[in-house]
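Residue numbers (my numbering): 1420 to 1679.
Ideal placement from N, C-alpha and C gives every residue a C-beta, glycine not left out.
Small disclaimer: the values here were computed from a predicted structure and weren't measured.
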């Protein structure tokens, strides 16, 4: 049986663990060539080794700090030199509330306790990072006259939840950015869609002690929940779809409704 993503070249940011790693593995399993992009270090190298050990020979290590214009430029140069094209960009790199308040789930703090430095650091990664990476790769897609951008987001509840500044605002901004990008890129043949898990997920964003408690109550989703929808969005099946917000836990029903 032919795989859905043969000769499809994909960059996934924040791919060394969590959702990014799970999505990368799902894409690789369907025959894609995937550059796992993340800040350089042992974590990223280990992720590549793990995937290579599983037989995924088309997994590549791509050092990238999404907050740095220079780092993004270097990543774009690498893609042009090594691949000569990019079919899909998955914007996933992000940091969560634990970088601001390690006890954000059990002892939420009001926004005025957040320091300007903490606010800027998270916004620079979660919002500016999506902007810079998209800004870097879309000219290549525009030249090709085709391409797909998939921006990873979170539930609306997260955007309104007590004690969730600046993470909530960062994801609200990401969604506004995505909708505008979708409109801007229509004339270039490039689609822009959003994908979110649909609930709290087992990633490094959740403190370990809380993670154990929630896992015991089966209240956490596994990162693999993203596998089917990310493969769909990266494949030819999603041609013509843009400006959509897809919830992974509702993907099957969304797809069924769309195919009616």
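Using the DSSP secondary-structure output, state which residues sit across from residue i in a beta bridge.
i            : result
residue 1480 : 1455
residue 1610 : 1567
residue 1429 : 1453 and 1507
residue 1446 : In DSSP, residue 1446 forms no bridge with anything.
residue 1640 : 1620
residue 1665 : 1614
Exposed or buried, which one is residue i when buried takes at least 16 other CB atoms within 10 Å?
i            : result
residue 1604 : buried
residue 1500 : exposed
residue 1529 : exposed
residue 1484 : buried
residue 1469 : exposed
residue 1661 : buried
residue 1670 : buried
residue 1476 : exposed
residue 1557 : buried
residue 1642 : buried
residue 1425 : exposed
residue 1636 : Model confidence at residue 1636 stands at a pLDDT of 48, short of 50, so the residue's coordinates are unreliable; what they give is reported in the following sentence. Burial call: exposed.
residue 1667 : buried
residue 1677 : exposed
residue 1531 : exposed
residue 1457 : buried
Tell me whether the beta-carbon of residue i lies closer than 7 Å to the beta-carbon of residue j.
i            : j            : result
residue 1445 : residue 1592 : no
residue 1565 : residue 1617 : no
residue 1454 : residue 1479 : yes
residue 1613 : residue 1585 : no
residue 1568 : residue 1589 : no
residue 1460 : residue 1512 : no
residue 1509 : residue 1431 : yes
residue 1491 : residue 1555 : yes
residue 1428 : residue 1514 : no
residue 1573 : residue 1639 : no
residue 1442 : residue 1644 : no
residue 1527 : residue 1582 : yes
residue 1533 : residue 1519 : yes
residue 1595 : residue 1423 : no
residue 1549 : residue 1570 : yes
residue 1372 : residue 1494 : Within the shown structure, residues of the chain are numbered from 1420 to 1679, placing residue 1372 beyond reach of any answer.
residue 1486 : residue 1544 : yes
My assumption, with CB atoms under 8 Å, is that residue i sits in contact with residue j. Please give the rounded CB distance.
i            : j            : result
residue 1620 : residue 1438 : 7 Å
residue 1462 : residue 1436 : 7 Å
Notebook entry, point to check: At what residue ranges does the region 1528-1600 contain a whole run of the beta strand (DSSP E), taking only runs of 3 or more?
Noted result: 1566-1571
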